[in-house]
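Residues in the sequence shown are numbered from 2 upward in steps of one, following the numbering used here. Ideal placement from N, C-alpha and C gives every residue a C-beta, glycine not left out.
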Amino acid sequence: MNILVVNGGSSSLKYQLYDMEREVVTAKGLCERIGLGGSRLTHTAMESGVKTVYEGAMDDHKAAIAQVFNALVASEGGVLKSHTEIDAVGHRVLHGGDKFTESAIVTDEIEAMVEQLIPLGPLHNPANLAGIRACRDLMPGVPQVAVFDTAFHQTMPEHAYTYAIPYEYYDKYGVKLRRYGFHGSSHRYVSERAAKMLGRESDPNFKVIVCHLGNGSSFSACKGGRSVDTSMGLTPLEGIPMGTRSGSIDPTILQFIMNREGLSMDEMIDVLNKKSGVLGISCVSSDFRDIDGAAKEGNHNAQLALDIFRYVGKKLIGSYAAALEGVDAIAFTGGVGENSGDTRAAMTSGLEFMGVVLDAEKNAERGAERDVSAAESRVRILVIPTDEEFVIAADTVRLTAAGVTPDSQ
Ligand code: ADP
2 MNILVVNGGS SSLKYQLYDM EREVVTAKGL CERIGLGGSR LTHTAMESGV
52 KTVYEGAMDD HKAAIAQVFN ALVASEGGVL KSHTEIDAVG HRVLHGGDKF
102 TESAIVTDEI EAMVEQLIPL GPLHNPANLA GIRACRDLMP GVPQVAVFDT
152 AFHQTMPEHA YTYAIPYEYY DKYGVKLRRY GFHGSSHRYV SERAAKMLGR
202 ESDPNFKVIV CHLGNGSSFS ACKGGRSVDT SMGLTPLEGI PMGTRSGSID
252 PTILQFIMNR EGLSMDEMID VLNKKSGVLG ISCVSSDFRD IDGAAKEGNH
302 NAQLALDIFR YVGKKLIGSY AAALEGVDAI AFTGGVGENS GDTRAAMTSG
352 LEFMGVVLDA EKNAERGAER DVSAAESRVR ILVIPTDEEF VIAADTVRLT
402 AAGVTPDSQ
């Protein structure tokens, strides 16, 4: 079964083609500058290693998908004879609100719901919809599956997702004002892998804290394979400071800055999403490797940015251990979580009192899935490379193989 996984951004589109019989990626690529002029598609055929670059107009997502089809069947770097060999498409969709506790086959009703949630995902949901509509137009009848970043966290209890604001606002506007959480496919994948690594797959009491640390970062507390709390909120802005996002701050700061800088609310939120986080503090970069480099050269603000990121991460681990009333494993994932031993060490240091003991040597080694805790550690510290695309492909197979069709939903 050939499954195309599509992750549509506002001016970009990432894709991977899976051969799900063998569970391997056969091709992947990225379309950039869609609708902006100077568009390009970089395509890689995984088994031959052939990499091709296409330059040429991509005025919208439909043109981008058409170009992806060309790349998939091209004599150089192609992996299919025709795009009709694609059996189904899985789409990453940012915001599923409280309607989606699971992935879903795309129907008109589901498209309408994703559209209704645009106010909560103003950049991503329109792009995700554009990807869905482009595929539907270019491959009519081929099932499209939406996999929501929010779905995994829908198991959170009411006391974890309700904000302490006047309750009348909660359900007044067509979208519920509550914590949703994001990176759901990653938290789901990593919590499942952690249980498997430790032989606790079917244990309803297995407790793991997943630390997804990348350009965007979020933590989750999972029990028995279900999310019970997570650090991102109504939108991905809440929680730990990230590459460019502030994470949680006192909202009064907005009023203070807006009054003095003459900013509108939209401009202020833009500052918090795009100019804050470790970029804002370090004044160097949003990229953790750049910040690491600057800190090692003695840049105070770069070091401060790392210190804040790591300190908030440690506090989240502590608070989620309390929320779970104990913890069996802490799992690190994402570009930073998988590659930065210093970050893992800083976020777990001083937690020996709760049975968390890192093995410095194992932590310094590189590798794939691994346990980096000391033999005596009561809590296992794991490094688990995430694979959100595989989760999307697997859900797409599961839903389409179950015989669910757009008409039967
Ligand atoms: P995204 O959220 O876009 O998926 P990733 O999970 O790929 O991001 O993470 C990207 C981040 O990981 C970048 O800030 C990058 O600098 C950081 N990173 C990658 N390798 C390392 C490393 N060896 N040490 C520190 N940070 C790293």
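So, are the CB atoms of residue i and residue j less than 8 angstroms apart?
i	j	result
Asp-396	Val-191	no
Gly-175	Pro-205	no
Asp-388	Val-373	no
Ser-40	Glu-33	yes
Leu-14	Val-26	no
Tyr-55	Leu-42	yes
Arg-227	Thr-156	yes
Ile-254	Ala-322	no
His-44	Gly-132	no
Leu-214	Gly-338	yes
Val-115	Leu-130	yes
Lys-173	Val-328	no
Ile-258	Met-269	yes
Tyr-164	Arg-180	yes
Leaving aside the five residues before and after residue i along the sequence, list all residues of the same chain whose C-beta is less than 6 angstroms from its C-beta, in chain order.
i	result
Ala-105	Ile-111, Ala-147
Ala-306	Val-279, Ile-282, Ser-283, Ile-292
Phe-149	Val-94, Gly-97, Phe-101
Val-6	Gln-17, Gly-91, Glu-390, Ile-393, Ala-394
Ser-11	Leu-124, Ala-128
Asn-295	For the sequence presented, residue 295 should be read as Ala rather than Asn. Cβ neighbours of Ala-295 beyond the five flanking positions: Val-285, Ala-303.
Leu-37	Ser-12
Gln-410	Residue placement at Gln-410 is flagged as unreliable, the pLDDT there being 43, under the threshold of 50; a coordinate-derived value is accordingly withheld.
Ser-287	Gly-244, Thr-245, Leu-280
Leu-264	none
For residue i and residue j, which I take to be in contact (beta-carbon distance under 8 angstroms), what is that distance rounded to the nearest angstrom?
i	j	result
Ser-221	Gly-182	7 angstroms
Ile-385	Arg-194	5 angstroms
Gly-122	Phe-153	With 8 angstroms as the limit, Gly-122 and Phe-153 do not qualify as a contact, their Cβ atoms being about 16 angstroms apart.
Gly-314	Ile-241	6 angstroms
Leu-273	Ser-247	5 angstroms
Cys-212	Met-355	Wrong, their Cβ atoms sit about 15 angstroms apart, outside the cutoff.
Ala-365	Val-229	Ala-365 to Val-229, Cβ: 32 angstroms. No contact.
Ignore the nearest five residues each way along the sequence and tell me which others in residue i's own chain have a CB closer than 7 angstroms to its CB.
i	result
Met-21	Met-2, Ile-4, Ala-394, Val-398
Val-80	Leu-18, Thr-27, Ala-28, Ala-46, Leu-73
Gln-68	Cys-32, Leu-42, Tyr-55, Met-59
Lys-276	Thr-245
Pro-120	Val-176
Arg-379	Gly-356
Take residue i and list the residues in its own chain whose beta-carbon comes closer than 8 angstroms to its own, dropping the five residues that flank it on each side.
i	result
Glu-86	Asn-3
Ile-166	Leu-178
Gly-78	Ala-28, His-44, Thr-45, Ala-46, Ser-49, Val-51, Lys-52, Thr-53, Ala-72
What is the rounded straight-line gap between the Cα of residue i and the Cα of residue j?
i	j	result
Lys-82	Gly-200	42 angstroms
Val-94	Asn-126	6 angstroms
Asn-340	Met-243	16 angstroms
Gly-9	Ala-376	43 angstroms
Tyr-16	Ala-135	13 angstroms
Gly-217	Thr-334	12 angstroms
Ser-320	Asp-99	25 angstroms
Lys-197	Glu-239	30 angstroms
Pro-144	Ala-330	37 angstroms
Thr-108	Ala-303	47 angstroms
Thr-344	Arg-311	6 angstroms
Glu-370	Gly-336	14 angstroms
Tyr-162	Thr-236	12 angstroms
Ile-250	Tyr-168	21 angstroms
Arg-137	Leu-383	40 angstroms
Glu-353	Arg-290	28 angstroms
His-103	Lys-297	The question names His, but residue 103 is Glu in the sequence shown. Approximately 44 angstroms between the Cα atoms of the pair.
Gly-57	Thr-401	34 angstroms
Pro-407	Asp-88	Residue confidence is low: Pro-407 scores 46 on pLDDT, short of 50, so the model does not pin down where it sits. No coordinate-derived value is stated.
Ser-187	Ser-76	35 angstroms
Gly-342	Ser-219	18 angstroms
Which residues mark the beginning and the end of the beta strand (DSSP E) in which residue i is found?
i	result
Thr-334	330 to 334
Ala-75	That residue, Ala-75, is in no beta strand (DSSP E); it is neither H nor E in DSSP.
Val-7	3 to 9
Ala-149	The sequence shown places Phe at residue 149, rather than the Ala named in the question. Phe-149 -> beta strand (DSSP E) spans 145 to 149.
Lys-29	25 to 33
Asp-20	14 to 20
Span of the alpha helix (DSSP H) holding residue i?
i	result
Asn-302	301 to 325
Ala-399	Correcting the residue identity first, residue 399 is Arg in this sequence and not Ala. It spans 389 to 402 - the alpha helix (DSSP H) in which Arg-399 sits, taken as one unbroken run.
Arg-84	According to the sequence displayed, residue 84 carries His and not Arg. Premise fails: His-84 is in no alpha helix (DSSP H) and is neither H nor E.
Ser-221	It is not in any alpha helix (DSSP H) - Ser-221 instead sits in the beta strand (DSSP E) that spans 218 to 224.
Ile-119	Run containing Ile-119: none; DSSP gives neither H nor E here.
Gln-155	Careful: Gln-155 lies outside any alpha helix (DSSP H) and carries neither H nor E.
Thr-231	Segment 227 to 231 is the beta strand (DSSP E) holding Thr-231; no alpha helix (DSSP H) there.
Ile-210	No alpha helix (DSSP H) contains Ile-210, which is instead part of the beta strand (DSSP E) from 208 to 214.
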